[in-house]
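Single-structure report; data block below.
There are 2 protein chains.
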Amino acid sequence: MKTLKPADVMRLALAEAEAAGRAGDVPVGAVVVSTAGDVLALGQNRVERDGDPTAHAEMLAIRAAAVSVGAKRLTEADLYVTLEPCAMCAQAIAFARFRRLVFGAYDPKGGGVEHGARIFERPTCNHRPEVVGGVLEGDCAALLKTFFQERR
Amino acid sequence: MKTLKPADVMRLALAEAEAAGRAGDVPVGAVVVSTAGDVLALGQNRVERDGDPTAHAEMLAIRAAAVSVGAKRLTEADLYVTLEPCAMCAQAIAFARFRRLVFGAYDPKGGGVEHGARIFERPTCNHRPEVVGGVLEGDCAALLKTFFQERR
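Taken in sequence, the protein lines are chains A and W.
Residue numbering for the first sequence follows the numbering used here, beginning at 19 and increasing consecutively.
Residue numbering for the second sequence follows the numbering used here, beginning at 19 and increasing consecutively.
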């Protein structure tokens, strides 16, 4: 059992987010880590680069992790992402049955976990991961703020 | 301008759904059609075959259509699907800015349009397509019912 701290994993997600931003995509990054502490997949937002409206960091990380594990359910894994997931990604996280979701910045406008559709709070939601928000919140939010300021 | 009727397009989606069912996946199919009447993409549920929890028919059709059009926004297109989309797919439909969503069977348990998260009704939802439900509802629902009965 490796001892990865939440902030250490979030720093990996932040590096993915930074790479996305340098490439012109909104800087959001994600990491899937097994409960044993192994990194199963990385993901970064590629919506602009791929011209794909579904290419959020979480979606790409989930798909890559499912391929890596060889299973559609990631019950023995946690998903880390620099920004509160939207409703699309939150529902994908529920389908994948992650043990835990850890995110950095809160997203009152686009979020679907603590805001908006609040996917995991729906009575019909198939699975509710443990949710931890605000890990390295300042760094994750600052990266987004700087990105949008530079583009105004 | 071709004159494709909604039921004609839904029959294409039903053929995709049937193919999914024959391959052991829950029989759901989707079609993206341009407002000019051209089929831009087909999609069928591949969750079991691909071991990918995000591989819903709509997600695959949206990604294929975005590649086909070369743009992340499908404002001049409609999405047809045999089953009411879940919250993940509904949010993807909003991101892609489809003009219209047409679906067959209603899904009180897993749907995210007329049920559950009701994605398009959220004040923060970025885009609300026109929604038409119940096209070939009987055929679409029967296909699912038979699939699950045979597996019990």
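Ideal Cβ positions, reconstructed from N, Cα and C, are used throughout, including at glycine.
Where W/D68 is concerned, there is no enclosing beta strand (DSSP E), although the alpha helix (DSSP H) around it starts and stops at V65 to D68. Shortest Cα-Cα distance from A/V150 to any of A/V99, A/I137 and A/A110 involves A/V99. The beta carbon of A/A108 lies closer than 7 Å to those of G130, V131, I137 and F138 in the same chain, with the five residues before and after it left out. Look at A/G151 here: in three-state DSSP terms it is strand. One alpha carbon belongs to W/V87, the other to A/P24, and they sit about 40 Å apart. Contact check for A/L92 against A/E76 fails: the beta carbons are separated by 8 Å or more. Judged by DSSP in its simplified three-state form, A/D96 adopts strand.
The C-beta distance from W/D125 to W/L161 rounds to 13 Å, too long to fall under 8 Å, and the pair is not in contact. The C-beta distance from A/V51 to A/H74 rounds to 18 Å, too long to meet the 8 Å contact threshold. For chain W, the residues of the stretch 70-82 of chain A that bring a beta carbon within less than 7 Å of one of its beta carbons are D70, P71, T72, M77, I80 and R81, in chain order. Between the beta-carbon of A/L58 and that of A/A83 there is about 4 Å, and that keeps the pair under the 8 Å contact cut.
Annotation: Cβ neighbours of A/R140 in chain W (cutoff 7 Å, chain order): G134 and A135. When only Cα atoms are considered, W/L30 and A/V85 end up about 29 Å apart. Secondary structure of A/R170 (DSSP, three-state): coil. Restricting attention to alpha helix (DSSP H) runs no shorter than 4 residues, the stretch 30-88 of chain W encloses them at 65-68 and 75-87, ordered along the chain.
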